[in-house]
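Here the structure comes first, spelled out in structure tokens, and everything after it is commentary.
There are 2 protein chains.
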Amino acid sequence: MDVGRRIETVLDNAVSHAEAPGAPPLLAEAIRYAVFPGGHRIRPRLCLAVALACGDDDPATSEAAAAAIELLHCASLVHDDLPCFDDAPMRRQKPSVHAAFGVPLAVLTGDALIVAAFETLARGVTRSPTRLAGLVGLIARAAGSPAGIVAGQAWESEPYVDLVEYQQAKTGALFAAATVAGAAAAGAPPLPWRLLGECLGAAYQVADDLRDVACRQEEIGKPAGRDATLGRPNAAALLGMGGALERLKHLTQEAIDVIPPCRGQDAMRTEIEAQTRLFMPASLRAMA
Amino acid sequence: MDVGRRIETVLDNAVSHAEAPGAPPLLAEAIRYAVFPGGHRIRPRLCLAVALACGDDDPATSEAAAAAIELLHCASLVHDDLPCFDDAPMRRQKPSVHAAFGVPLAVLTGDALIVAAFETLARGVTRSPTRLAGLVGLIARAAGSPAGIVAGQAWESEPYVDLVEYQQAKTGALFAAATVAGAAAAGAPPLPWRLLGECLGAAYQVADDLRDVACRQEEIGKPAGRDATLGRPNAAALLGMGGALERLKHLTQEAIDVIPPCRGQDAMRTEIEAQTRLFMPASLRAMA
Numbered sequence: 008m009d010v011g012r013r014i015e016t017v018l019d020n021a022v023s024h025a026e027a028p029g030a031p032p033l034l035a036e037a038i039r040y041a042v043f044p045g046g047h048r049i050r051p052r053l054c055l056a057v058a059l060a061c062g063d064d065d066p067a068t069s070e071a072a073a074a075a076i077e078l079l080h081c082a083s084l085v086h087d088d089l090p091c092f093d094d095a096p097m098r099r100q101k102p103s104v105h106a107a108f109g110v111p112l113a114v115l116t117g118d119a120l121i122v123a124a125f126e127t128l129a130r131g132v133t134r135s136p137t138r139l140a141g142l143v144g145l146i147a148r149a150a151g152s153p154a155g156i157v158a159g160q161a162w163e164s165e166p167y168v169d170l171v172e173y174q175q176a177k178t179g180a181l182f183a184a185a186t187v188a189g190a191a192a193a194g195a196p197p198l199p200w201r202l203l204g205e206c207l208g209a210a211y212q213v214a215d216d217l218r219d220v221a222c223r224q225e226e227i228g229k230p231a232g233r234d235a236t237l238g239r240p241n242a243a244a245l246l247g248m249g250g251a252l253e254r255l256k257h258l259t260q261e262a263i264d265v266i267p268p269c270r271g272q273d274a275m276r277t278e279i280e281a282q283t284r285l286f287m288p289a290s291l292r293a294m295a
Numbered sequence: 008m009d010v011g012r013r014i015e016t017v018l019d020n021a022v023s024h025a026e027a028p029g030a031p032p033l034l035a036e037a038i039r040y041a042v043f044p045g046g047h048r049i050r051p052r053l054c055l056a057v058a059l060a061c062g063d064d065d066p067a068t069s070e071a072a073a074a075a076i077e078l079l080h081c082a083s084l085v086h087d088d089l090p091c092f093d094d095a096p097m098r099r100q101k102p103s104v105h106a107a108f109g110v111p112l113a114v115l116t117g118d119a120l121i122v123a124a125f126e127t128l129a130r131g132v133t134r135s136p137t138r139l140a141g142l143v144g145l146i147a148r149a150a151g152s153p154a155g156i157v158a159g160q161a162w163e164s165e166p167y168v169d170l171v172e173y174q175q176a177k178t179g180a181l182f183a184a185a186t187v188a189g190a191a192a193a194g195a196p197p198l199p200w201r202l203l204g205e206c207l208g209a210a211y212q213v214a215d216d217l218r219d220v221a222c223r224q225e226e227i228g229k230p231a232g233r234d235a236t237l238g239r240p241n242a243a244a245l246l247g248m249g250g251a252l253e254r255l256k257h258l259t260q261e262a263i264d265v266i267p268p269c270r271g272q273d274a275m276r277t278e279i280e281a282q283t284r285l286f287m288p289a290s291l292r293a294m295a
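Next comes the structure, spelled out in structure tokens:
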């Protein structure tokens, strides 16, 4: 099965558990709506690519880790879109969860997805039970406080924002989790893989900033120009389009340079080149 | 160390991790505010009591399970109090989290507490790693969809509410988790302990309904009469005070009757009698 199919299958299994008989029907519907259809599934792809580069001796474990990371990503999108944060009406070319189901169900959908992430992990990691504690720890660290995506979002409520902590937590943490969890899922030491994830997270953040400034809503599936509207820092606004594209190129090369020695190093390089192309919508790819 | 101290210590450790250097200061403050000072800590007490009744051969594991359950309980209080749900201005004799810190930080505090629950579990279960997957599964089941506290809250957004599913999910699930996780943490089969948790959950729900109808805000630390205001079912309103007290007595006896055979059966009976007295505020205890 190709990587994309593996990811959709394991996510479908996770969502099926959450919508099992007895579930409140609207909550079940909202959970599926928040996860499918997905975006490029960049984080779980990265997780599985690293696992493969490390031998992937237990595919059920690496798939569970990949799914957990994507479920947490989906949860963060649902909560970040809420009226009390970005108040985003659209996401992935359709109404955001709170626009479609109301604020109460959007709050609960995010909550249920966070729980489902850890449940999926525990259910999938059966052949290598001693890897579970490490994986829960690595993935929880990327999700919660002090330095995960929840903390990243919380910096927006602080009177003084540490910009590096903010972007590292809000975007970098889950990319770093994708690489370290991929390694840990395959029984390899996770730490050497963190820098790669952090570089890719930083590159993704620049690409996202470029999209926000340069693309129309139809192409990116959510309103454009939100950073300016919400007063958030944006690399393309700070460095100009040319400067931001230069920075993106630099970060991509840095990511390739920091791939740790492993059997699948060449394949990993190809994968990262392919993934970083996915970061940007078609209209910007020609410029990069 | 007595049980109460053990619970506060393990919760303090969990919160300390979430507020470690690098955390957004207001988020860190809100997380601690949501967990301390606590209520009666009924669920973690129950979890530790069951673990003890089953031999408690790995106290770090049972403490981690107890803390995870209490953190999830605190998360649910923070989110349920939000303006889009109960819009509760007070909780545990002080302003609710959103009243004190604003809605965005209240959403994120709940999210961070859910993540912290699983992180605490993974960190604490080190001596018996093969117990971790089961514990994550049992506790996640009580928290998420289809039948955990998130699902319970989601029934309030449904046009047709299944009352049994609603109360079982909203209150019963976490009590059941406390008993089954207590057994699993001690390496005992969890399933025989589920019924005890469900009985106690049902008893607690009746006691909570009685408090809502019969007590003043000063005594219960949150506004009284909310069920009538919010149009929610309430046993004291349905059965009358006398009927509800009768039902509470019946459920407490049933709980005692269904304690599974175990070394600590007598101590367990004493503990349950003590706990069910805690369910009710002083002004109602004389009537029960």
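As you go down the protein sequences, you meet chains V and G in turn.
Note that the first sequence covers residues 8 to 295 in our numbering.
Note that the second sequence covers residues 8 to 295 in our numbering.
Glycine included, C-beta positions come from ideal geometry on N, C-alpha and C.
(message) Please list, in chain order, the chain G residues whose beta carbon lies closer than 8 Å to that of residue 32(V).
(response) Here residue 32(V) refers to the residue found at position 25 when the first sequence is read from its first residue. Correct list: 165.
(message) Just verifying my parser: in three-state terms, what is the DSSP assignment at residue 287(V)?
(response) As a first step, residue 287(V) is located in the first sequence; it is residue number 280 there, counting from the start. Three-state result, residue 287(V): coil.
(message) On the DSSP letters alone, give me the boundaries of the alpha helix (DSSP H) that residue 76(G) sits inside.
(response) The sequence position of residue 76(G) within the second sequence is 69, counting from 1. In the DSSP assignment, residue 76(G) falls within the alpha helix (DSSP H) that extends over 66 to 87.
(message) Taking the beta carbon of residue 177(G) as the centre, do at least 16 other beta carbons fall within 10 Å, making it buried, or is it exposed?
(response) Here residue 177(G) is taken as the residue at index 170 of the second sequence, counted from 1. It is buried - the Cβ of residue 177(G) has at least 16 other Cβ atoms within 10 Å.
(request) Just confirm the distance between the C-beta atoms of residue 76(G) and residue 51(G), as a whole number of angstroms; I'd bet it's less than 8 Å. (result) By 1-based counting over the second sequence, the position of residue 76(G) is 69. By 1-based counting over the second sequence, the position of residue 51(G) is 44. Indeed, because the Cβ distance is near 6 Å, the residues count as touching under 8 Å.
(request) Could you spell out the range, first to last residue, of the alpha helix (DSSP H) harbouring residue 224(G)? (result) Taking the first residue of the second sequence as position 1, residue 224(G) is located at position 217. Annotation for residue 224(G): the continuous alpha helix (DSSP H) segment containing it runs 224 to 227.
(message) Quick check: what's the CA-CA separation for residue 38(V) versus residue 120(V)?
(response) Translated into positions along the first sequence, residue 38(V) becomes position 31. Translated into positions along the first sequence, residue 120(V) becomes position 113. Cα to Cα, residue 38(V) sits roughly 7 Å from residue 120(V).
(request) State yes or no: is the beta carbon of residue 196(G) nearer than 8 Å to at least one beta carbon in chain V? (result) What you label residue 196(G) is simply residue 189 of the second sequence in a count that begins at 1. Not one beta carbon of chain V lies nearer than 8 Å to the beta carbon of residue 196(G).
(request) Please go through the region 80 to 167 of chain V and give each complete beta strand (DSSP E) segment of 3 or more residues, from N-terminal end onward. (result) Those beta strand (DSSP E) runs which fall completely within the region 80 to 167 of chain V and span 3+ residues do not exist here.
(request) Using a Cβ cut-off of 8 Å (strictly closer), state whether residue 224(V) contacts chain G. (result) Mapped onto the first sequence, residue 224(V) falls at position 217. Chain G has no Cβ within less than 8 Å of the Cβ of residue 224(V).
(message) DSSP three-state label for residue 257(G), please.
(response) As a first step, residue 257(G) is located in the second sequence; it is residue number 250 there, counting from the start. Looking at residue 257(G) - three-state DSSP - the assignment turns out to be helix.
(request) Assess, as a yes-or-no matter, whether the region 50 to 64 of chain G is touched by the region 185 to 195 of chain V under the definition of 3 or more beta carbon pairs within less than 8 Å. (result) As far as the Cβ criterion goes, the region 185 to 195 of chain V does not touch the region 50 to 64 of chain G, which means the pair count is below three.
(message) So, does the region 159 to 176 of chain G touch the region 148 to 167 of chain V, judging by three or more C-beta pairs under 8 Å?
(response) No, the region 159 to 176 of chain G does not touch the region 148 to 167 of chain V.
(request) Quick one: grab the DSSP three-state call for residue 20(V). (result) Here residue 20(V) refers to the residue found at position 13 when the first sequence is read from its first residue. Helix, per DSSP.
(request) Check whether the Cβ atoms of residue 30(V) and residue 95(G) lie closer than 8 Å to each other. (result) Within the first sequence, numbered from 1, the residue matching residue 30(V) stands at position 23. Within the second sequence, numbered from 1, the residue matching residue 95(G) stands at position 88. In this structure, residue 95(G) does not lie closer than 8 Å to residue 30(V) by Cβ.
(request) From the DSSP output, in three-state form, read off residue 305(V) for me. (result) Residue 305(V) is absent from the structure shown; chain V starts at 8 and stops at 295.
(request) Using 10 angstroms around the beta-carbon of residue 127(V), count the other beta-carbons present and answer buried if the total reaches 16, otherwise exposed. (result) Locating residue 127(V) in the first sequence gives position 120, where the first residue counts as 1. Buried is the call here.
(request) Mind checking the region 43 to 58 of chain V against chain G and listing, in chain order, the residues whose C-beta falls within less than 9 Å of any C-beta there? (result) Those would be none; no residue qualifies.
(request) Could you name the residues of chain G that residue 91(V) contacts, counting a contact when the two beta carbons are closer than 7 Å? (result) Within the first sequence, the letter at position 84 stands for residue 91(V). Contact note: residue 91(V) reaches chain G through 110, 111 and 114, using a C-beta cutoff of 7 Å and chain order.
(request) For chain G, find out if any of its Cβ atoms is closer than 8 Å to the Cβ of residue 38(V); answer yes or no. (result) On the first sequence, residue 38(V) is found 31 positions in, with the first residue counted as 1. At least one chain G Cβ lies under 8 Å of residue 38(V).
(message) So residue 183(V) contacts chain G; which residues on that side make the cut at Cβ distance below 7 Å?
(response) Against the first sequence, residue 183(V) aligns to sequence position 176. Within 7 Å Cβ-Cβ: nothing; residue 183(V) doesn't reach chain G, min ~14 Å.
(message) For a test of the three-state rule: what should DSSP assign to residue 265(V), helix, strand or coil?
(response) Walking along the first sequence from the start, residue 265(V) turns up at place 258. Residue 265(V): coil per DSSP, three-state reduction.
(request) Spell out whether any CB of chain G is found under 8 Å from the CB atom of residue 77(V). (result) On the first sequence, residue 77(V) is found 70 positions in, with the first residue counted as 1. For residue 77(V), the answer is no, since every Cβ of chain G falls outside 8 Å of its Cβ.
(message) Please report the straight-line C-alpha distance between residue 117(V) and residue 161(G), rounded to a whole angstrom.
(response) Mapped onto the first sequence, residue 117(V) falls at position 110. Mapped onto the second sequence, residue 161(G) falls at position 154. Rounded to whole angstroms, residue 117(V) and residue 161(G) show a C-alpha spacing of 12 Å.
(request) Give a yes or no on whether the minimum CB-CB distance between residue 26(G) and chain V is below 8 Å. (result) Along the second sequence, read from residue 1 onward, the residue named residue 26(G) stands at position 19. Chain V, which has a Cβ nearer than 8 Å to the Cβ of residue 26(G), makes this yes.
(message) Tell me which residues share the same chain as residue 21(V) and place their Cβ nearer than 7 Å to its Cβ, disregarding the 5 neighbours each side in the sequence.
(response) The residue given as residue 21(V) occupies position 14 in the first sequence. Contacts found: 74, 78, 123 and 127.
(request) Could you name each continuous alpha helix (DSSP H) segment of 4 residues or more that falls completely within the region 184 to 256 of chain G, going from the start of the chain to the end? (result) Entirely contained in the region 184 to 256 of chain G, the alpha helix (DSSP H) runs reaching 4 residues are, in chain order, 201 to 221, 224 to 227 and 233 to 237.
(request) Closer than 9 Å by beta-carbon distance: list the chain V residues that pair up with residue 6(G), in chain order. (result) Nothing can be reported for residue 6(G): it is not among the residues displayed for chain G, which extend from 8 to 295.
(request) Take the Cβ of residue 259(V) as the centre, count every other Cβ of all protein chains shown within 10 Å, and call the residue buried at 16 or more, exposed below. (result) Residue 259(V) sits at position 252 when you count from the first residue of the first sequence. By the 10 Å Cβ count, residue 259(V) comes out buried.
(message) Just to make sure I have the definition right: I need the residues of chain G whose C-beta is within less than 7 Å of the C-beta of residue 121(V). Which are they?
(response) Locating residue 121(V) in the first sequence gives position 114, where the first residue counts as 1. Contacts between residue 121(V) and chain G, judged by CB atoms closer than 7 Å, involve 118, 121 and 122 in chain order.
(message) Can you check whether the C-beta of residue 102(G) is within less than 8 Å of a C-beta belonging to chain V?
(response) Residue numbering aside, residue 102(G) sits at position 95 when the second sequence is read from its first letter. Cβ-Cβ to chain V under 8 Å: no for residue 102(G).
(message) I want to verify the contact list: residues of chain V whose CB lies under 8 Å from the CB of residue 139(G), in sequence order.
(response) Locating residue 139(G) in the second sequence gives position 132, counting from the first residue. The answer, in chain order, is 129, 136, 139, 140 and 143.
(request) Kindly indicate if chain G contains any beta-carbon less than 8 Å away from that of residue 212(V). (result) Working through the first sequence from its first residue, we reach residue 212(V) at position 205. For residue 212(V), the answer is no, since every Cβ of chain G falls outside 8 Å of its Cβ.
(request) Identify whether residue 54(V) lies in helix, strand or coil by the three-state DSSP scheme. (result) Numbered from its first residue, the first sequence carries residue 54(V) at position 47. In this structure, DSSP gives residue 54(V) a helical state, which the three-state scheme calls helix.
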